Amino acid sequence: MNTDPEGGGASEARAQLLDTATRIFYAEGIHSVGIDRITAEAKVTRATLYRHFTGKEDLVLAYLDRADQGIRGRVAVARNSSVSAADKVLAVAESIARSITSPGFRGCAFLNAAAEYPDPAHPIHQVVLTHRQWFLNTVTELLADTGDAPAAPGARHLVMLRDGAMAAGCLFDPELVADTFLSGTEGLLRKRSGSNSDSGSGSGLTSGSTSGSGPDSGPGPSPTFPSRSVTASRNH
Numbered sequence: 119m120n121t122d123p124e125g126g127g128a129s130e131a132r133a134q135l136l137d138t139a140t141r142i143f144y145a146e147g148i149h150s151v152g153i154d155r156i157t158a159e160a161k162v163t164r165a166t167l168y169r170h171f172t173g174k175e176d177l178v179l180a181y182l183d184r185a186d187q188g189i190r191g192r193v194a195v196a197r198n199s200s201v202s203a204a205d206k207v208l209a210v211a212e213s214i215a216r217s218i219t220s221p222g223f224r225g226c227a228f229l230n231a232a233a234e235y236p237d238p239a240h241p242i243h244q245v246v247l248t249h250r251q252w253f254l255n256t257v258t259e260l261l262a263d264t265g266d267a268p269a270a271p272g273a274r275h276l277v278m279l280r281d282g283a284m285a286a287g288c289l290f291d292p293e294l295v296a297d298t299f300l301s302g303t304e305g306l307l308r309k310r311s312g313s314n315s316d317s318g319s320g321s322g323l324t325s326g327s328t329s330g331s332g333p334d335s336g337p338g339p340s341p342t343f344p345s346r347s348v349t350a351s352r353n354h
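For what it's worth, the numbering used here labels the leading residue of the sequence shown as 119, then goes sequentially.
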């Protein structure tokens, strides 16, 4: 078995480095954190780091890939659930709201990285653009199932709502920001359904349906949206 000088397996050392880098990069930024800080907190040598990553940029790319895979996983849970098309969109929105109200929230990892690497040609900026294009495409496909109107304008609107909420969530009351974001998402769905009615307590996304366990309420001409409590989801 290939082991590192620190006594752990190769995969263990890589995971420790990535865990440490993820925590510090997200909390403090990328440029402000050096290799020495990461190796010290991960309790490995520089030689071990370079055995697993070609350098800091490679470590940043791994950090963003982890973030990307986490988001894709949460979206897949909503997308593969047996709820209605509108509820799938709301499930994605609720997963975003939960992240905004989670302890240690510092905004969107991808928007933060783009701010530190503004050159569109830089590999890190390219990864950000790829992630955002995937998210836009996915939201467009989900919205397309909620009505006959073109989904692209609504999808762009939803992504902009999400970006604003992720930026505001670490500057203002995250509960209020998350609730406002969810209200905006519901408004987009009502517009697609041709309804301007207020959200109510009828059928729609039920409590806990972001896990994919809710029943399929079926599409309707005038969907209603239940009361929701982001606070109750903070520990998810």
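All C-beta atoms in this analysis are idealised placements derived from N, C-alpha and C, irrespective of residue type, glycine included. In this text, all values refer to a predicted model and were calculated from it rather than measured experimentally.
>> Applying the 10 Å Cβ sphere with the 16-neighbour rule, what's the burial state of Y181?
In response: buried
> Apart from the five residues just before and just after V257, which ones in its own chain have a Cβ nearer than 6 angstroms to its Cβ?
Replying inline: A273, L276
> What is the rounded straight-line gap between the Cα of R155 and the Cα of A139?
Replying inline: 9 angstroms
> alpha helix (DSSP H) containing K161: first to last residue?
Replying inline: Careful: K161 lies outside any alpha helix (DSSP H) and carries neither H nor E.
> Measuring CB to CB, does V210 end up less than 7 angstroms from V193?
Replying inline: yes
>> Using CA atoms only, rank isn't needed, just tell me which of H243, G282, A204 is closest to G225.
In response: G282
> Whose CA, out of D266, P221, R280, lies closest to the CA of L229?
Replying inline: R280
>> At the level of alpha carbons, what is the spacing between I153 and H243?
In response: 20 angstroms
> From what residue to what residue does the alpha helix (DSSP H) around T172 run?
Replying inline: Neither: T172 is in no alpha helix (DSSP H) and is coded neither H nor E.
> In whole angstroms, what separates the C-alpha of K161 from that of A286?
Replying inline: 35 angstroms
> Any idea if E304 is buried or exposed, counting beta-carbon neighbours within 10 angstroms, 16 or more meaning buried?
Replying inline: buried
> Where does the unbroken alpha helix (DSSP H) through A290 begin, and where does it stop?
Replying inline: Checking the sequence shown, residue 290 turns out to be Phe, not Ala. Where F290 is concerned, there is no enclosing alpha helix (DSSP H), given that its DSSP letter is neither H nor E.
>> Excluding the 5 residues flanking V246 on each side, which residues of the same chain have their C-beta closer than 6 angstroms to its C-beta?
In response: F228, A231, A232
> Does the count of Cβ pairs from the region 292-299 and the region 216-224 closer than 8 angstroms reach three?
Replying inline: yes
> CA-CA distance, S200 and T166?
Replying inline: 45 angstroms
>> Measuring alpha carbon to alpha carbon, tell me which residue in F143, I189, D205, S129 is nearest V178.
In response: F143
> What is the residue span of the alpha helix (DSSP H) that F253 lies within?
Replying inline: 241-262
> Do you know offhand how far P268's Cα is from L261's?
Replying inline: 9 angstroms
> In angstroms, rounded to a whole number, what distance separates the CA positions of E130 and Y235?
Replying inline: 29 angstroms
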